[in-house]
Every structure is written in C-alpha cells, then in structure tokens.
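Just below is one structure, and these are the notes that go with it.
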Amino acid sequence: MASNEHPLPPADAALAAALVGPLPGEGDDGDVELLTLEQLAERSHLPASLLAAVEREGLLIPRSTDDERRYTLADADALRAGLALVEAGLPLDELFNLAREHTAAMRTIADHAVELFVRFVRDPIRTQATDDEDATARLLEAFTKMLPATSTLVGHHFRRLLVNAAYARLRDRA
C-alpha cells in the first residue's frame, strides 16, 4: 500500500475483497475462474489479438483484480454473442460504435449507482452498525442481494427498451 493511502475500514476492505472475488449471481457454485486474455482466447476459440481489439473498443471489459485484468467464462459467452451479431450481418465497426456509446452511457449510470449505494446503503450501515463485524456482515449481505438484483433490473430494462424501439420502428414503417 502506498504511503499516501489510508487503510480501508474493515467493512470497506471486506467489500473490496468481494468485488475482486466471485461475484454474487456470477456462478451457481461461487467458483468462478478468473482467466488471462490468452486463456480467454483459448476458451472462446478466438485469437488473443482480436480479443485485445474488442477490449480496446469497449465490448470486452475486464475485471480488475489488484493490477491484473481478468476475465470469466461469462466474457466468453458475451464474445460468442457478439460474434453471432457479426455473423448475422452487423458490421464489426458498427458493433464497436454501439459498444463505445453504450460504455459511455453505462459508465455514468454505474458511477451514479455506486454513489447511491454509498449514500443510502453503505454509509447508513457504517453509522448504525454496533461494531466492525456487524458493519461488515450487513454490508456484504446488502452487496450480495443488490448486485444480482441490479443486474437483473438493468438487463430487463435494456431488453424492454430494445424490443419497444424495434416494435415502434416497424410500426412507424407500416
């Protein structure tokens, strides 16, 4: 730890550890393998150079674990989904453009969601907890419930917006 950094309070340290480990909802057994880019290339049967380009364009976002970039088998699934879009006729450069737009919008929303979590969940837990152990347990319980719920909500919301936009486009052309 750098000399200008302060150690995290125990509850925050536990949350930081949870953020780099297997995430709630990521694997049924909680045993999620973290892969290097080369291992992901091997598992997805795609060249590492292509994956590096896809990462630069924002379609592949690694998990940060300390100073290392890691990927999961869910990333391989997402890569296969992107490949299916290209195989269906979507030009790769247009997919990259869409990824850049989506990433820019989602970063803002993700930052706001984290701020809401801090303000309305983390800070009250730290204030109301009887001790560090209580704060840690309550914060990890909230995180374990809220991350999968947030992912489901956001995924559902985007899917519904996408379907409604497609329907409106078809209806307007009829």
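For the sequence shown, the numbering used here assigns the number 187 to the last residue and increments by one with no breaks.
The beta carbon of each residue, even a glycine, is placed where N, CA and C say it ideally should be.
Q) Where Glu-68 and Leu-36 are concerned, what is the direct C-alpha to C-alpha distance, given to the nearest angstrom? A) 21 Å
Q. Which whole-angstrom value is the C-beta distance of Arg-76 and Leu-47, which I expect to be below 8 Å?
A. 7 Å
Q.
The alpha helix (DSSP H) that contains Glu-81, what's its start and end?
A. Per DSSP, Glu-81 belongs to no alpha helix (DSSP H); it is in the beta strand (DSSP E), 81-83.
Q) DSSP three-state call for Thr-78: helix, strand or coil? A) strand
Q) Skipping 5 residues on each side, what residues in its chain have a beta carbon closer than 6 Å to that of Ala-61? A) Leu-50, Glu-51, Ala-54
Q.
Between Asp-90 and Leu-73, how many whole angstroms is the CB-CB distance? I'm expecting something under 8 Å.
A. With a Cβ gap of about 12 Å, Asp-90 and Leu-73 do not count as contacting.
Q: Rank Ala-181, Ala-179, Met-159 by C-alpha distance to the C-alpha of Gly-38 and give the top, closest one.
A: Met-159
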